[in-house]
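Quick notes on the structure that follows.
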Amino acid sequence: MAGFRGRVVMSKFGTFGDYPQESLQSAEAALLTAWRSLDRYHNDLVLVDGLAVRYLTKRDAADESPGAVTMDVDFGISLAASGDQYGTIKSDLAGLDFKSEGNRLVRKFGNLNLYLDFLTEDPPSLTGTRIVDDVVASVIPGVNRALACRRIVPVKGRDLYGAEQECNVAVADIGPLLVLKLNAFGEPTGRRLPKDAYDVLLAATRFVEGAAAAVAAFRAETKTGNTGYEFALKALQKDFSDPDQDGPIRAAEFHLGNAEDRGRVRENVATLGRMLLGD
C-alpha cells in the first residue's frame, strides 16, 4: 500500500486523502462477506453510515469532489434480533475471522483492519450499549426508523476470500440516513468528525433521486416518530446553518482542496443545512 507502512488501525481519518486507496473496496468486500453469512438476520439489519452513503449516491463526472469513502461496515440492528438455536451473530462472524476488539468486530485484510459496528435503539435510552445476539451494539436514536425505512440495493464485487458475490443489501433510506449522519456529528453522542460532516453534504447533494428529493425525505421524518429527528434539527441549527459553524468548516477540511474549494464547500454545507431546516 503506497504511503503506508505497518498495519493501518484507524477507521476514520481527518481528510479524504488520508484514506488508503483500497479502503472503500475493502469495506465493500467485508460487507459482501458478512451479509451472505447473516442471511437469517436480514429482516433485523440495515446498512448505515459510510457504505450507505456510497450506495445512495451517484458520481457526477463533472464534479471532482471526493465521493464516499470508509473502512467500516455499520449495521443498524433490531434489539430483539436472535439466531435462536442456530448460533449467534458473533459466532457466525467469528467463523469468518472477525474478532472482538472492545465493542467492535475486526478482521485483518492485507494492511488494513476492517471493522464491523452495530447500532441499536432502546427507548428511552439515548446512549449506552446493549448486547444483541452476543454482539455489542451502541444505542443510537433513529436506528428503529432506519430499520423500518430501508431500500434494497444490489451490491456486486469480490468478498474477502476473493469470490465474486452479488447481494441484495438493505440500506437505510435517505431521510433516516441523514438523521443518523447529522447525529453522528452532533447530538446526543456525536464526535464532530470532519468525515461525518462531509457525508451529510455528499448524501444529500449526490442522492440518486436528486438533492430536492433528499431534502424532502429528511423533512418528512418529522412525521414518522423518528426519535433522532429533534437531535438532527438541533445539529443543523447549531452546526450546519452558517459557513462559520463547525459542520461547514470541518466538512471543508475533509475535502482538503485549495482555499477556494474549501470556501465553496463551506457555503454548500451551510446552504444545505438551511434547506434541511426549511429556511
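For the sequence shown, the working numbering assigns the number 2 to the initial residue and increments by one for each residue that follows. C-beta atoms are modelled at their ideal positions from N, C-alpha and C, and glycine is treated no differently.
Three-state secondary structure assigned by DSSP to V70: Taking the sequence shown and counting its residues from 1, one reaches residue 70 at position 69. Collapsing the DSSP output to three states places V70 in coil.
Where Q166 sits in the DSSP three-state scheme: Position 165 of the sequence shown, counted from the start, is the residue given in the question as residue 166. Residue state, collapsed to three classes: strand.
Secondary structure of N269, DSSP reduced to three states: Here residue 269 corresponds to residue number 268 of the sequence shown, with the count starting at 1. In the displayed model, N269 falls within a helix according to three-state DSSP.
Cα-Cα separation, K224 to A217: Stepping through the sequence shown from its first residue, residue 224 is reached at position 223. Stepping through the sequence shown from its first residue, residue 217 is reached at position 216. Distance between the alpha carbons of K224 and A217: 12 Å.
Cβ shell of R105 (< 6 Å), same chain only, five flanking positions each side left out: Walking along the sequence shown from the start, residue 105 turns up at place 104. Excluding positions up to five away in sequence, the list reads Y116, D118.
Proximity winner among P189, I78, R60, relative to A173 (alpha-carbon distances): Locating residue 173 in the sequence shown gives position 172, counting from the first residue. Closest option to A173, Cα to Cα, is I78.
Stretch-stretch touch, CB-based, cutoff 8 Å, three pairs: the segment 13-22 with the segment 136-156: Touching, no, given that fewer than three Cβ pairs across the two stretches are closer than 8 Å.
Three-state secondary structure (DSSP) of L117: Start at 1 with the first residue of the sequence shown, and residue 117 comes out as number 116. L117: strand per DSSP, three-state reduction.
Alpha-carbon to alpha-carbon, R265 and K109: Taking the first residue of the sequence shown as 1, we reach residue 109 at position 108. Taking the first residue of the sequence shown as 1, we reach residue 265 at position 264. Cα atoms of K109 and R265: separation of roughly 38 Å, rounded to the nearest angstrom.
Unbroken stretches of the beta strand (DSSP E), 3 residues or longer, contained in the segment 76-102: Within the segment 76-102, the runs of beta strand (DSSP E) at least 3 residues long that lie entirely inside it are, in chain order, 100-102.
For F208 and T71, believed in contact at Cβ under 8 Å, the rounded distance: Start at 1 with the first residue of the sequence shown, and residue 71 comes out as number 70. Start at 1 with the first residue of the sequence shown, and residue 208 comes out as number 207. With a Cβ gap of about 17 Å, T71 and F208 do not count as contacting.
Cα-Cα separation, R60 to Q86: For the purposes of this step, residue 60 is identified with residue 59 of the sequence shown, where counting begins at 1. For the purposes of this step, residue 86 is identified with residue 85 of the sequence shown, where counting begins at 1. Rounded to whole angstroms, R60 and Q86 show a C-alpha spacing of 44 Å.
Inter-residue Cα distance where the pair is V154 and R267: Counting from 1 along the sequence shown, the entry for residue 154 is found at position 153. Counting from 1 along the sequence shown, the entry for residue 267 is found at position 266. If I take the Cα positions, the gap works out to 31 Å.
At least 3 beta-carbon pairs within less than 8 Å: the segment 227-240 vs the segment 89-97: The way I'd put it, the segment 227-240 doesn't touch the segment 89-97; fewer than three beta-carbon pairs between them come closer than 8 Å.
Sub-8 Å separation of A215 and A204 beta-carbons: To locate residue 215, count along the sequence shown from 1; it is residue 214. To locate residue 204, count along the sequence shown from 1; it is residue 203. Yes, these two residues count as a Cβ contact at 8 Å.
Distance between I250 and L178 (C-alpha atoms, nearest Å): Indexing the sequence shown from 1 puts residue 178 at position 177. Indexing the sequence shown from 1 puts residue 250 at position 249. Cα to Cα, the separation comes out at about 21 Å.
Neighbour-count burial assignment, D75, 16 or more Cβ in a 10 Å radius: As a working note, residue 75 is residue 74 in the sequence shown. The residue is buried, with at least 16 neighbouring Cβ atoms inside 10 Å.
Per-residue burial, E165 [other beta carbons within 10 Å of its own, 16 or more giving buried]: Here residue 165 refers to the residue found at position 164 of the sequence shown. It counts as exposed.
Cα-Cα separation between V107 and R193, rounded to whole angstroms: On the sequence shown, position 106 is the one that residue 107 refers to. On the sequence shown, position 192 is the one that residue 193 refers to. So the two alpha carbons sit approximately 23 Å from each other.
Proximal residues to S242 (C-beta, below 8 Å), its chain only, five neighbours per side dropped: As a working mapping, residue 242 is identified with position 241 in the sequence shown. Cβ neighbours of S242 beyond the five flanking positions: A271, G274, R275, L278, D280.
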